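**Student:**
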Amino acid sequence: MPDDAGFSVPAAQAKVSILPATPGQFFRRIDELVDIHLAAMNYSPSLFHQRKDLWLSSTGRYDFLSHIALIHGDGVDPNLDDMRQRSAGICFSFHGTPDTWWYQQVYRGLILAGHSREEAHRTLTDYSELSEIHVSPHLQGRGIGKALLHTHLQSVSTSKVMLSTPEIEGESNGAWRLYRKLGFTDVLRGFLFPSDARPFAILERATHMPGTRPHTD
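Sequential numbering from 1 applies to the sequence shown in UniProt numbering.
1. My output table needs one value for Y43: the three-state DSSP class, helix, strand or coil.
2. By Cβ distance below 7 angstroms, which residues in the same chain neighbour L47 in space, the five residues on each side in sequence not counted?
3. By how many angstroms is the C-alpha of I68 removed from the C-alpha of R84?
4. Take the Cβ of F27 as the centre, count every other Cβ of all protein chains shown within 10 Å, and call the residue buried at 16 or more, exposed below.
5. On the DSSP bridge assignment, give the partners of F200 in chain order.
6. Can L94 and R142 be called in contact, C-beta distance under 8 angstroms?
7. Pick helix, strand or coil for A113, following the three-state DSSP scheme.
8. Hey, quick one: how far does the beta strand (DSSP E) through S131 stretch, first residue to last?
9. In three-state terms, what does DSSP make of G75?
10. If S136 and I36 are in contact, beta carbons under 8 angstroms, what's the gap, nearest whole angstrom?
11. Since G89 sits in a beta bridge, which residues does DSSP pair it with?
12. Count the other C-beta atoms from every protein chain shown that fall within 10 angstroms of the C-beta of K15, then say buried if there are 16 or more, exposed otherwise.
13. Using DSSP with H/G/I as helix, E/B as strand and the rest coil, what is R28?
14. When the distance is taken between beta carbons, is I90 closer than 8 angstroms to L130?
15. Taking only the alpha-carbon atoms, compute the straight-line gap between F184 and P45 and give it to the nearest angstrom.
16. With DSSP collapsed to three states, give me the class of P20.
17. Taking S155 and P20 to be in contact with their CB atoms under 8 angstroms, please state how far apart those CB atoms are, rounded to whole angstroms.
18. Could you check where the alpha helix (DSSP H) with F48 kicks off and where it finishes?
19. Is the CB-CB distance between V106 and L188 below 8 angstroms?
20. Taking the alpha-carbon positions, what's the S146 to L178 distance?
21. With a threshold of 6 angstroms on Cβ separation, who are the neighbours of W102 within its own chain once the five nearest residues in sequence on each side are excluded?
22. If you draw a straight line from the C-alpha of S66 to the C-alpha of W55, how long is it?
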């Protein structure tokens with residue numbers, strides 16, 4: 001059993017374990033992973049193929065890294081190649097580079113916020129873009145998201161991880177509480193991407209800072 005699979009969360013008569021996924025395993029499970037994404041974000045099913053294509057294109061990015069939360073029977077080893085064991089959550093990232101849309105948008109935001117070009121480039125150096133982290137809605141609140149992100153942060157090769165998340169008044173949802181608990185700090189607030197009318201926050205966290213061991217409280 002992989003070292004990453006040691007954290008399990010009770011889910012009825014089953015367990016949920018966190019495992020690193022190869023690009024091939026990610027590919028084979030892509031349909032259920034995108035379904036989790038659409039359900040967690042309350043997006044229209046009509047976006048399925050667009051999101052699937054985007055996610056698959058991410059596997060070709062430099063330093064692509066993914067972890068999957070896998071449901072398996074008590075006493076049964078988790079196995080991503082066993083398609084009878086269903087996915088409960090997904091987290092993936094890749095090395096941020098100037099040719100990516102996200103880098104270009106955040107760079108633009110930093111300049112608009114008054115940072116110099118040198119400061120913007122320095123902020124966007126040696127980071128992993130946390131592209132997605134989602135847990136099936138019916139399994140949220142069990143500590144799975146925290147375990148996914150904690151494990152992922154320990155596995156990336158860059159000096160920091162950056163992400164974007166919608167602004168929420170008072171930071172009063174599970175995603176914001178998780179990011180703050182694991183040490184993410186502000187880079188930009190109230191930032192507008194061209195493709196979304198909602199304001200977003202850009203957050204970052206050093207990958208080598210002390211973390212809190214996952215738990216289910």
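Backbone N, C-alpha and C define an ideal beta-carbon position, used for all residues, glycine too. None of these values were measured; they are calculated from a predicted model.
**Tutor:** From the atom records:
1. In this structure, DSSP gives Y43 a state outside helix and strand, which the three-state scheme calls coil.
2. Same-chain partners within the cutoff: L38.
3. Near 14 angstroms, if we compare the C-alpha coordinates of I68 and R84.
4. Per the 10 Å Cβ criterion, exposed.
5. F200 is bridged by DSSP to P166, F191.
6. Looking at the sequence shown, residue 94 is not Leu but Phe. It is not a contact, given that the beta carbons lie outside the stated cut-off.
7. A113 falls in the coil class under three-state DSSP.
8. Taken as a continuous stretch (DSSP letters only), the beta strand (DSSP E) holding S131 covers 127–135.
9. Three-state result, G75: coil.
10. Taking 8 angstroms as the upper bound for CB-CB distance, S136 and I36 are in contact here, some 5 angstroms apart.
11. Answer by DSSP bridge pairing, in chain order: A69, V135.
12. With at least 16 other beta carbons inside 10 angstroms of its own, K15 counts as buried.
13. Look at R28 here: in three-state DSSP terms it is helix.
14. Contact: no.
15. Those two C-alpha atoms are separated by around 31 angstroms.
16. P20 falls in the strand class under three-state DSSP.
17. Taking C-beta atoms under 8 angstroms as the contact rule, S155 and P20 qualify, at a distance of about 7 angstroms.
18. Counting along the chain, the alpha helix (DSSP H) containing F48 begins and ends at 48–58.
19. With contacts defined by Cβ atoms closer than 8 angstroms, V106 and L188 form a contacting pair.
20. What sits at residue 146 in the sequence shown is Lys, not Ser. CA-to-CA, the gap between K146 and L178 works out to about 6 angstroms.
21. Hits under 6 angstroms: E129.
22. Roughly 11 angstroms between the two C-alpha positions.
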